[in-house]
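Data first, discussion second: the structure below is written as structure tokens.
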Amino acid sequence: MYEPTHLRTFLAVAQTLSFTQAARRLGLRQSTVSQHVRRLEEAAGRQLFARDTHSVELTEDGEAMLGFARRILEVHEQATAFFSGTRVRGRLRFGASEDFVLTRLPEILEGFRYDHPEVDLELTVELSGTLYERLAAGKLDLVLAKRRPEDPRGVLVWRDDLVWIGAERLRLEADRPVPLIVYPPPGITRARALEVLERQGRAWRIVCTSGSLNGLIAAARAGLGVMAHSRRLIPPGLFRLPERVGLPELGKVDFVLVHGRRRGPAGTAADALAAAVLAGGERLRRSGG
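Dropping the structure here:
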């Protein structure tokens, strides 16, 4: 028997690769998180994480457990909802960064609609900065987006490296400005790219601006320039630029869920969707193509 509480804790650690971050997400002590993982490993008879004082990584058995844990929890939630007789209903205004359009987010939303057919789900796809503005204005109930480093809000879904990507044939010349492909303001990756280049004293020029991720990808595939992007969400046909090109490091980026102020049916529906996203968080890291 695999205890659902232990499986939820395992997923939180697998998604954040941090016992500390998982504890914060779940509202538990770090020692409790470690205990849950240890008991799950004992039940499985396998080591699920390779960990030391500096890093946490999934083992091969841990990778296998991801899929099993997600399916077990999905069935558990369906059974609980069926026999408890409780039905989530209401209008839910959900905003997602366009980064997720090419991932498995549609599968998670499809599963949510199947489990909660009485929820009227409205999806808004926008830049992360724009989504935060709409959330603050009370126009959204839940947002899945990138988080600025100084912003403490939100529940961490996962943390990733921001990297420079471009076409395989792209060549940068050290004595010429870096050609940038960026979102318009208030794009978070745009701000980070300009900040690190300014700090390095590296000249740059914007060769393409688009509010559409597909537009940015098309420009990058055409070899017009480079763009800052999540390492785990690199689109097909684009590649991470090697360190030898001399571009500065972009640092980390957090992908988080942030709730709006509205409660009642919308708040209950937002909680249910947030739980579905967190349970299926590892799928968001995989390309949908």
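Sequential numbering from 1 applies to the sequence shown in full-length UniProt numbering. Built from N, CA and C at the ideal position, the CB exists for glycine as well.
Three-way DSSP call (helix, strand, coil) for residue i in this model
i: residue 270; result: helix
i: residue 88; result: coil
i: residue 32; result: helix
i: residue 297; result: Beyond the ends of the chain as shown, which are 1 and 289, falls residue 297; an answer cannot be given.
i: residue 130; result: helix
i: residue 2; result: coil
i: residue 196; result: helix
i: residue 288; result: Note that residue 288 has pLDDT 46, beneath the 50 cutoff, so the model's placement of it is unreliable and the number below is only indicative. Correct three-state label for residue 288: coil.
i: residue 238; result: coil
i: residue 122; result: strand
i: residue 276; result: helix
i: residue 93; result: strand
i: residue 98; result: helix
i: residue 57; result: strand
i: residue 38; result: helix
i: residue 174; result: coil
i: residue 64; result: helix
Test item: CB-CB of residue i and residue j under 8 Å
i: residue 91; j: residue 120; result: yes
i: residue 144; j: residue 277; result: yes
i: residue 142; j: residue 275; result: no
i: residue 155; j: residue 256; result: yes
i: residue 10; j: residue 37; result: yes
i: residue 125; j: residue 15; result: no
i: residue 187; j: residue 131; result: no
i: residue 299; j: residue 33; result: A question about residue 299 goes unanswered here, because the residues of the chain that appear run from 1 up to 289.
i: residue 184; j: residue 76; result: no
i: residue 88; j: residue 266; result: no
CA nearest to the CA of residue i, picked from the options
i: residue 250; options: 142, 226 and 196; result: 196
i: residue 259; options: 54, 43 and 133; result: 133
i: residue 214; options: 238, 23 and 201; result: 238
i: residue 151; options: 168, 129, 172 and 171; result: 129
i: residue 244; options: 174, 223 and 193; result: 174
i: residue 242; options: 172, 76 and 75; result: 172
i: residue 80; options: 228, 115, 50 and 99; result: 115
i: residue 159; options: 70, 32 and 148; result: 148
i: residue 146; options: 104, 191, 117 and 138; result: 191
i: residue 41; options: 66, 267, 26 and 198; result: 66
i: residue 72; options: 105, 8, 43 and 21; result: 8
i: residue 108; options: 70, 76 and 140; result: 70
i: residue 224; options: 247, 29 and 169; result: 169
i: residue 55; options: 26, 19 and 27; result: 19
i: residue 101; options: 112, 27, 123 and 31; result: 123
Endpoints, alpha helix (DSSP H) assigned at residue i
i: residue 254; result: Here residue 254 belongs to no alpha helix (DSSP H); instead the beta strand (DSSP E) covers 252-259.
i: residue 112; result: 105-115
Beta strand (DSSP E) segment containing residue i, residue limits
i: residue 205; result: 204-209
i: residue 226; result: No beta strand (DSSP E) contains residue 226, which DSSP labels as neither H nor E.
i: residue 145; result: 142-147
i: residue 179; result: 178-182
i: residue 161; result: 155-166
i: residue 50; result: 49-51
With contact counted as at least three CB pairs below 8 Å, one residue from each stretch, are the stretch 232-240 and the stretch 150-165 in contact?
yes
Three-pair Cβ contact test at 8 Å for the stretch 203-212 versus the stretch 175-183: yes
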